[in-house]
Structures are given as C-alpha cells and as structure tokens.
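Last residue of the sequence shown: number 348 in this note's numbering, and the count goes up by one each step with no gaps. Please read the structure below before turning to the comments.
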Amino acid sequence: MGVLYILISSLGFALNQAFSNALGDRVGVFEKMFVHNMVGVVVFGLILLRTRISFLGEKPKLLACRAIFGFLSTLFVVVATTFSKRPLFELTVLTSTSAIFTIITAALWLKEKVSRVQYLVVLVCFVGVLVTVRPSPALLTDPFCLFAILGAAFGGAAYCVVRKLKDAAHPYTVVFAYCALSAICALPVYLIKEVAIEGAGLCSKQDFLYMVGMGLGVCVGQLFLNLAYRKAEASRLSPYTYIQNVYTLIISLAVFHQAISLYAYIGALLIIGANFLNLWDGHKQMRKEEIANAGKKEPANGSVR
C-alpha cells in the first residue's frame, strides 16, 4: 500500500511542478508560494476542524521542523521551475535526487537498515539521472539547476521527518502545518518585494487557476507522501519517487510539446527498471519476514499442547 501511495504522491508533485513551469515568470515566486499553499491551508484546515483532529500533534517542534524543511524544498524547486530555461523534465530529474538524500538521512538518523539491493537501485537511478541531464560545466554553473538539487536535499530531510512523525501527528496535521508555515513565510516577502517594490498587480484568471492547480497538486502529493511513509521505511520508499520523472516526461510531451532527447528516454528506462528491482526486493524481504515470524510462532503453539 505504501508503494501505491508514493506513486500517487509523485503524480501530485509532478502536476505541481508542471503548473509552476506553465506560469513561468509571469507570476512571482512568492506569489506562487502564498497562493498555492493557501489552497492546502483551506482544504486541510477545514478537514481538521470538521474531524476535530489536533492542529499541533504530539510533537510540535518536530512538526515545525518538517514544515521548515518542506518550505525550503518547495521554495528552491519553485525558483528553479520559474526561471530556468531547461526543459521541465530535466529539472524534475534533478529534484528527484531527493531519493538519495532520503536514504542517506534514513540510514544516519533513523538508523534504518539499507540493503545492498537498495544501494544498487539508488545507484542505477542516479545513473539514469546522469544520462538524462548529461552533466557539463554549464550545468554546474547554472544556479537554477543547483536550486533544484538543494530542493531535493531539503525534500529528502523532510521525508525522514515525516517517517519520524508517523505516530505523533495525523497526516492532515502534517500537511496543514507545512502549508500554513509556507504561506506565512511567503506572504510578507510577496507583499514587500513583489507588490510594494515591483508594483505587481492582480494576476489573470488563468494564472490564478494555474496556482490553484499547483495547490491541488501539492495537497495530493503531501497527503499521500505522509500516508506512504506511515506504511513503509523511508529508505524502501525513496527510490519510487523517481517515478515522478516518468509522469513529467508524459506531461512534457503531451502538454508542453517539449523536445525530449534520446538520452532522456534511456534515463527514464533505467529509472523504471531500477524501481521494478526495488519492488522485487521488497516483496522478497517481506516473504522472508513472514517465514521467520511463522517459525517463531510454531514453538509457542507446540508448548501449549
């Protein structure tokens, strides 16, 4: 079930980035941040009020930490998708390196055991990323590409905090806290920089709907991400976030009609193949655990007789 949730989550994040890319620089970064996070504040705020679930959970400090990491991750990604001239697909490939940061953080902080197959999966996915973006000196000096990677780093840290919060805060609470803190942080900068200094007026109806689309995408992405990390270990789920690249590839072709190189297709195939390997290894490990648990129960039953 955790894998299904992470696949739905990745689709939500892919749609969020697609809407941000479609807006381009017609709308300022902090206006995007404020409006699309307010969608989450309204949606999950009403849900929390209706269900009477706590707004703070049992560990408010850890909840705030997750919200801050999430805000920084989204900020860097929005900046990258707003100003970079690189195709959306290549930017998404860079942000998907969050899987690597998640596994490293999970091993060091959560003390999760990472198997050799999982390391192999991450390595193959990383090779897929390299094949797709074809690193060059220009890539390393492109600030927006570096912003995408920074977004991935903070995203990886945020996913591990989500895992830590699994018994301390409801998924609705976690998403609401992230959206609320992001909107609060973005509003003053938006009002001062983009309205008072740059004199930005009201956006068009179409651009506003695009920002609402960003918000709905992030609501789906964040909610199902929280549900996924309650079901399985962070290190086991993180490679599946690379599937977001496949979603973005389809959107780039079908919606934006962007030219995709042969290298991008090869990279996508490597990523998909690696995730099938991860899925196979996951089922194999679950089967071993079931056999081991069954073996432990037999002596107990025998002793009762």
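Heads up, the beta-carbon is just placed ideally off N, CA and C, and yes, glycines get one too. The model shown is predicted, which means the values in this text are computed figures rather than measured ones.
With the rule of 3 Cβ pairs closer than 8 Å, the region 148-160 does not count as touching the region 104-111.
For Q60, the uninterrupted alpha helix (DSSP H) run begins and ends at 45-66, by DSSP. Nearest C-alpha to V85 among T117, G258, C228, P231: G258.
In terms of Cα proximity to V217, the closest of F62, G100, S53 is G100.
For R93, the three-state secondary structure derived from DSSP is helix.
Going by C-alpha positions, T175 is about 43 Å away from N336. With the rule of 3 Cβ pairs closer than 8 Å, the region 203-219 does not count as touching the region 64-74.
Between F219 and F87 a beta carbon distance of about 4 Å is seen, short of the 8 Å cut, so the two are scored as contacting. Around the beta carbon of E333, fewer than 16 other beta carbons sit within 10 angstroms, so the residue counts as exposed. Distance from the CA of A61 to the CA of Q265, rounded to the nearest whole angstrom, comes to 16 Å.
When C-alpha distances from V261 are compared across L92, V120, K104, the shortest belongs to V120. Bounds of the alpha helix (DSSP H) holding T135 are 131-138.
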